[in-house]
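According to our numbering, the sequence shown is numbered sequentially starting from 487.
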Amino acid sequence: MSLPPEQRPNYYAALPLDRRAQQRGDQAWIDRLLRDGATRILPVWRAQNLVAGIGEAPRAAWLSMTQVESWIGGGETIFLGVAGEIAHFALELSHLEDPAPAAAMAAAGFTDLRSVGAVIPRDDGALLAYARGLIHWHSRHRFCGVCGHGTASEQAGHQRRCGNPDCGAVHFPRTDPAVIMLIHDGDRIILGRQSQWPPGMNSVLAGFVEPGESLEEAVAREVMEEVGIAVADVRYQSSQPWPFPSSIMLGFTAHASSLAIARADQELEDVRWFTRGDIANGFPAMPSRQSISFRLIQDWYDSGAERPLLETPGARL
């Protein structure tokens with residue numbers, strides 16, 4: 487039996503680990519975990535995760551400390567958390583020119599998580615997304631944003647500190663908030679497409695939250711900027727970690743107060759209204775099931791259709 491929509495986590499959410507945040511600063515404890523033969527190391531190479539079963543039944547792959555011992559110190563080693571009694575760490579291997587030896591140890595390959603995100607087990611996807619996101623943050627914060635001095639990792643990879651004694655600023659992992667919204671008039675929704683997307687694929691509108699702006703204000707501003715439509719009844723739906731490279735997608739629905747679309751910038755090459763009938767008949771093609779954009783469309787479609795979107799013949803999923 488499937489969960490009702492309000493209880494169904496999005497892809498890359500519901501991380502299956504206890505983060506043990508209160509113990510990250512205990513270096514002796516971290517060192518013991520790193521010596522434990524059961525500890526799992528999840529390598530990340532140049533924004534790609536190690537995945538086994540590519541093309542068949544993809545799943546997260548990991549290595550043991552014995553296997554990665556010679557590479558420790560070449561990149562960040564970050565404590566992720568504990569599942570049961572097994573500790574999990576992310577290990578950056580981007581300094582390696584050829585990651586094939588590491589991949590061969592796990593009979594796996596390095597790949598972009600998005601290429602397997604819709605078919606990989608949900609728990610595995612959340613774990614790999616977490617590892618990818620933290621590795622990306624470290625790669626972008628080698629130097630202090632206050633004084634420009636080099637920084638060093640602390641708290642088992644969950645903060646960095648400026649090495650300049652006159653500064654000493656502490657930097658924490660950051661996530662960029664972005665609103666993503668399904669705009670409707672009851673029977674229709676607005677979908678647009680960018681030129682680089684696969685042919686026929688459309689999605690809901692989205693944009694980053696600006697300083698001094700509430701989420702609801704960001705929804706209204708982005709919709710006006712992109713399609714020239716005012717909105718009302720802005721309602722939060724759900725959220726999704728999206729580490730491509732470092733966002734949290736905040737999903738909303740809103741009712742259109744006007745209907746005439748006026749594409750105001752060049753971000754979208756096309757944007758229009760679509761009915762449930764359009765979607766059921768195969769146009770447009772839907773975004774990937776792993777994205778919250780699909781979830782927003784799916785929940786709206788299912789609320790007014792006789793047959794759920796995933797069971798609709800002809801819908802381009």
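Glycine included, each C-beta is placed from N, C-alpha and C at the ideal position.
Because the structure is a prediction, the values reported are computed rather than measured.
Cβ-based burial, R802 [other Cβ within 10 Å; buried from 16]:
Translated into positions along the sequence shown, residue 802 becomes position 316. Exposed, by the Cβ-count rule.
Note down the Cα distance separating A593 from L528, rounded to an integer number of angstroms.
The residue given as residue 593 occupies position 107 in the sequence shown. The residue given as residue 528 occupies position 42 in the sequence shown. A straight line joining the alpha-carbon of A593 with that of L528 spans about 14 Å.
Going by DSSP, name the residue or residues bridged to I666.
Taking the first residue of the sequence shown as 1, we reach residue 666 at position 180. BP columns for I666 point to A692, G737.
Identify every residue that forms a DSSP beta bridge with D652.
What you label residue 652 is simply residue 166 of the sequence shown in a count that begins at 1. Beta-bridge annotation (DSSP): D652 is not paired with any residue.
Alpha carbon to alpha carbon, what distance is there between R646 and N496?
Against the sequence shown, residue 496 aligns to sequence position 10. Against the sequence shown, residue 646 aligns to sequence position 160. The straight-line gap from Cα to Cα measures roughly 29 Å.
Give the DSSP bridge partners of F596, in chain order.
The residue given as residue 596 occupies position 110 in the sequence shown. Note: F596 sits in a beta bridge opposite L536.
Take the Cβ of P727 as the centre, count every other Cβ of all protein chains shown within 10 Å, and call the residue buried at 16 or more, exposed below.
As a working note, residue 727 is residue 241 in the sequence shown. With 16 or more Cβ atoms within 10 Å of its Cβ, P727 is classed as buried.
With respect to the alpha helix (DSSP H) encompassing L745, which residues constitute its N-terminal and C-terminal limits?
Residue numbering aside, residue 745 sits at position 259 when the sequence shown is read from its first letter. That residue, L745, is in no alpha helix (DSSP H); it is neither H nor E in DSSP.
The beta strand (DSSP E) spanning R505 covers which residue range?
Counting from 1 along the sequence shown, the entry for residue 505 is found at position 19. No beta strand (DSSP E) contains R505, which DSSP labels as neither H nor E.
If you follow the alpha helix (DSSP H) that E708 is in, where does it begin and where does it stop?
Sequence index remark: in the sequence shown, residue 708 carries index 222 (1-based). 701–713 is the extent of the alpha helix (DSSP H) around E708.
Which of the three DSSP states, helix, strand or coil, is assigned to P729?
Locating residue 729 in the sequence shown gives position 243, counting from the first residue. In the displayed model, P729 falls within coil according to three-state DSSP, outside both helix and strand.
Proximity to H657 [Cα-Cα], best of V665, I669, N650, H644
On the sequence shown, residue 657 is found 171 positions in, with the first residue counted as 1. Minimum Cα distance to H657 is reached at H644.
So, for M487: in the same chain, excluding its five sequence neighbours on each side, which residues have a beta-carbon less than 8 Å away from its beta-carbon?
Translated into positions along the sequence shown, residue 487 becomes position 1. For M487, the pLDDT reaches just 36, beneath the cut-off of 50, and the residue's location in the model is therefore unreliable, although a value from the coordinates is still provided. Cβ-Cβ distances below 8 Å link M487 to nothing in the same chain once the five nearest sequence neighbours on each side are left out.
Whole-angstrom C-beta distance between L566 and H574, which should lie under 8 Å:
Counting from one through the sequence shown, the residue named residue 574 turns up at place 88. Counting from one through the sequence shown, the residue named residue 566 turns up at place 80. With 8 Å as the limit, H574 and L566 qualify as a contact, their Cβ atoms being about 4 Å apart.
Of the listed residues S789, D662, D522, H635, nearest to D651 (C-alpha basis)
Counted from its first residue, the sequence shown places residue 651 at position 165. Contrary to the premise, residue 651 reads as Pro rather than Asp in this sequence. Put simply, of S789, D662, D522, H635 the residue whose alpha carbon is nearest the alpha carbon of P651 is H635.
Beta-ladder partner(s) of W759, from DSSP:
Walking along the sequence shown from the start, residue 759 turns up at place 273. Answer is I676.
Would you report the Cα separation of G541 and L599, rounded to the nearest angstrom?
Counted from its first residue, the sequence shown places residue 541 at position 55. Counted from its first residue, the sequence shown places residue 599 at position 113. Answer to the nearest angstrom: the Cα atoms are 13 Å apart.
Just verifying my parser: in three-state terms, what is the DSSP assignment at M487?
In the sequence shown, the residue the question calls residue 487 occupies position 1. A caution first: M487 carries a pLDDT of 36, below 50, which makes its placement in the model too unreliable to give a value.
If we define contact as Cβ-Cβ less than 8 Å, is W515 a contact residue for chain E?
No chain E is present in this structure, which holds just one protein chain.
Closest residue to L519 among A586, E571, G539 (Cα-Cα distance):
The sequence position of residue 519 within the sequence shown is 33, counting from 1. Of A586, E571, G539, the smallest CA-CA separation from L519 is found for E571.
Can you grab the Cα-Cα spacing for the pair E708 / L691, in whole Å?
By one-based count along the sequence shown, residue 708 stands at place 222. By one-based count along the sequence shown, residue 691 stands at place 205. One C-alpha to the other measures close to 8 Å.
Distance between M687 and L577 (C-alpha atoms, nearest Å):
Reading the sequence shown from its first residue, position 91 is the one you call residue 577. Reading the sequence shown from its first residue, position 201 is the one you call residue 687. When rounded, the distance between both Cα atoms is 35 Å.
So which of I669, A569, I564, V568 has the shortest CA-CA distance to L620?
Taking the sequence shown and counting its residues from 1, the one referred to as residue 620 is at position 134. Comparing alpha-carbon positions, the option among I669, A569, I564, V568 lying closest to L620 turns out to be I564.
What is the residue span of the alpha helix (DSSP H) that I778 lies within?
In the sequence shown, counting from the first residue as 1, residue 778 sits at position 292. Looking at the DSSP string, the run of the alpha helix (DSSP H) that includes I778 is 778–788.
Helix, strand or coil, according to DSSP, for Y805 in the structure here?
Missing from the structure shown is residue 805; the chain here goes from 487 to 803 and no further.
Find out if the Cβ-Cβ distance for the pair F760, P770 is shorter than 8 Å.
As a position in the sequence shown, residue 760 is number 274, starting the count at 1. As a position in the sequence shown, residue 770 is number 284, starting the count at 1. Yes, the Cβ-Cβ distance between F760 and P770 is below 8 Å.
Starting from the C-beta of R762, find all residues in its chain whose C-beta is less than 7 Å away, skip the five residues before and the five after it, and write them out in chain order.
Here residue 762 refers to the residue found at position 276 when the sequence shown is read from its first residue. Taking C-beta separations shorter than 7 Å and ignoring five residues to either side along the sequence, the partners of R762 in its chain run Y787, G790, A791, following chain order.
What residues are listed by DSSP as bridge partners for Q513?
Locating residue 513 in the sequence shown gives position 27, counting from the first residue. Answer by DSSP bridge pairing: none, since Q513 is not bridged.
Using the beta-carbon count (16 or more within 10 Å), is I558 buried or exposed?
For the purposes of this step, residue 558 is taken as the residue at position 72 of the sequence shown. Per the 10 Å Cβ criterion, exposed.
Give a yes or no on whether the C-beta atoms belonging to A664 and R775 are separated by under 8 Å.
Translated into the one-based positions of the sequence shown, residue 664 becomes position 178. Translated into the one-based positions of the sequence shown, residue 775 becomes position 289. The Cβ atoms of A664 and R775 lie no closer than 8 Å to each other.
Which runs of the beta strand (DSSP E) spanning at least 3 residues fall entirely within the segment 558–607, listed in chain order?
Considered as a whole, the segment 558–607 harbours 563–569, 572–578, 594–597 as its complete beta strand (DSSP E) runs of no fewer than 3 residues, in chain order.
Contact under 8 Å by Cβ, I715 with I669:
Position 229 of the sequence shown, counted from the first residue, corresponds to residue 715. Position 183 of the sequence shown, counted from the first residue, corresponds to residue 669. Going by C-beta atoms, I715 is nearer than 8 Å to I669.
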